[in-house]
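All remarks here apply to the structure that follows.
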Amino acid sequence: RILYNCRVKGIARRTPGGFVVSSHKGELGADYLVLSTGGRSYEGTGSSGDGYSIASALGHSIVEPRPALTSVSIKDFEFGDLAGVSLKAVDVSLWRDSKKTSSRTEDLLITHEGLSGPAILHLSREAGRGDEIRVNFSGITREELERRILKLAAEEGKKLLKTSLHDLGLPERLLDKILEMNGITERLCSELKKEERKKLISSLFEMSFEIESVGGFSQAMVTRGGVQLSEVNPKTMESRIVPNLFFAGEILDFDGETGGYNLQAAFSTGYVAGTTINKRTSREDQ
36 RILYNCRVKG IARRTPGGFV VSSHKGELGA DYLVLSTGGR SYEGTGSSGD
86 GYSIASALGH SIVEPRPALT SVSIKDFEFG DLAGVSLKAV DVSLWRDSKK
136 TSSRTEDLLI THEGLSGPAI LHLSREAGRG DEIRVNFSGI TREELERRIL
186 KLAAEEGKKL LKTSLHDLGL PERLLDKILE MNGITERLCS ELKKEERKKL
236 ISSLFEMSFE IESVGGFSQA MVTRGGVQLS EVNPKTMESR IVPNLFFAGE
286 ILDFDGETGG YNLQAAFSTG YVAGTTINKR TSREDQ
């Protein structure tokens, strides 16, 4: 029996066993209960985070839910006019307190307020306000980049710097922006001063962006956090605290990368929970 448009108000354990589910359509009794209410992402689907309070009321610990697989807004972002520009296989790293915490080499997308794309989505699972994103736009090592720029001065001195740097394969708008930020838009290769060269190399090799905020649940693809995994039997998806209570999907404290991993986790945990209950009820019927 399926009840549509039916919001659950609360769930209580009954004596000697089972559960009573309270809703605005009345109370429902059940011997087995599966909580598969999702996380807090995509609230329009009904995934509003209610499952956390229900699980908590039944005795479970909840790891604080956080948005994951989302874009980031950048403090004092100067690239907003480049929104829509994307780059392939860029080296991107996340830094906290001057220490690198993780890195990715994936596609990057510039937005009106900050950065997105697979590289950022994956780093967002760990990112927070005040953390630093560093991007290697050049696609090569710092040493190779410096060697190339010095070679330009020696061999292409009469050419405009922006013309010679096209070999790096950067989108023209992005390259123009970086040169503009360094005040060398119309500089010839031979005219580049030592300090200007150092600043340019830093901009191309390790442009730094401070995170103003990580996208909220309305933007996030998944929710990080949820019911603590140590309190759930992974072989059956049954609670280790409450008999005959099961969990499936994103209400649990797991989150994966993009590419279908989170969907697969939801399908698999739902299958295990359903199969376990089916086996138990089949034995009881016999």
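Numbers given in this note's numbering equal positions in the sequence shown, counted from 1, plus 35. Glycine included, C-beta positions come from ideal geometry on N, C-alpha and C.
Residue i to residue j, Cα distance in whole Å?
i: residue 164; j: residue 289; result: 22 Å
i: residue 297; j: residue 123; result: 24 Å
i: residue 55; j: residue 64; result: 5 Å
i: residue 307; j: residue 161; result: 29 Å
i: residue 75; j: residue 98; result: 13 Å
i: residue 220; j: residue 196; result: 8 Å
i: residue 140; j: residue 57; result: 49 Å
i: residue 186; j: residue 171; result: 20 Å
i: residue 214; j: residue 182; result: 18 Å
i: residue 87; j: residue 199; result: 56 Å
i: residue 273; j: residue 291; result: 21 Å
i: residue 52; j: residue 79; result: 34 Å
i: residue 190; j: residue 179; result: 16 Å
i: residue 82; j: residue 132; result: 35 Å
i: residue 134; j: residue 184; result: 28 Å
i: residue 314; j: residue 100; result: 32 Å
i: residue 302; j: residue 106; result: 26 Å
Judging by CA-CA distance, which residue of the options is the nearest neighbour of residue i?
i: residue 311; options: 57, 125, 43 and 67; result: 67
i: residue 285; options: 316, 304, 225 and 36; result: 304
i: residue 159; options: 242, 270, 316 and 130; result: 130
i: residue 45; options: 61, 52 and 291; result: 61
i: residue 216; options: 234, 78, 38 and 223; result: 234
i: residue 167; options: 175, 190, 180 and 137; result: 137
i: residue 218; options: 204, 203 and 238; result: 238
i: residue 49; options: 309, 277, 259 and 282; result: 277
i: residue 73; options: 38, 295 and 283; result: 283
Quick one: what's got a C-beta closer than 8 Å to residue i's C-beta in the same chain, skipping five residues either side?
i: residue 293; result: 104, 153, 156, 157 and 256
i: residue 321; result: For residue 321, the predicted structure reports a pLDDT of 48, less than 50, and the residue's modelled location is therefore unreliable. A value from the coordinates is still provided. Once the five neighbours on either side are set aside, residue 321 has no close Cβ partner at all.
i: residue 142; result: 121, 122, 123, 124, 125, 152, 153 and 154
i: residue 223; result: 192, 193, 194, 195 and 196
i: residue 59; result: 41, 42 and 44
i: residue 204; result: 174
i: residue 201; result: 207 and 210
For residue i versus residue j, is the C-beta spacing smaller than 9 Å?
i: residue 280; j: residue 261; result: no
i: residue 102; j: residue 254; result: yes
i: residue 146; j: residue 188; result: no
i: residue 121; j: residue 144; result: yes
i: residue 96; j: residue 266; result: yes
i: residue 169; j: residue 243; result: yes
i: residue 84; j: residue 271; result: no
i: residue 295; j: residue 69; result: no
Report all residues from its chain with a CB closer than 7 Å to the CB of residue i; omit the five preceding and five following residues, and keep chain order.
i: residue 268; result: 275
i: residue 177; result: 236 and 240
i: residue 300; result: 289 and 291
i: residue 38; result: 60
i: residue 316; result: none
Given residue i, which residues of its chain have a CB within under 6 Å of its CB, disregarding the five upstream and five downstream residues?
i: residue 108; result: 148, 149, 247 and 248
i: residue 47; result: 55
i: residue 252; result: 75, 76 and 102
i: residue 36; result: none
May I ask whether a heavy atom of the ligand NAP can be found less than 8 Å away from the beta carbon of residue i?
i: residue 91; result: Ligands are entirely absent from the displayed structure, and the ligand NAP is therefore not among its contents.
On the three-pair Cβ rule with 8 Å, is the region 110-118 touching the region 126-139? no
How about the region 204-214 and the region 247-264: do they share at least three Cβ pairs that are nearer than 8 Å? no
Counting pairs of beta carbons, one from the region 79-98 and one from the region 227-236, are three or more of them closer than 8 Å? no
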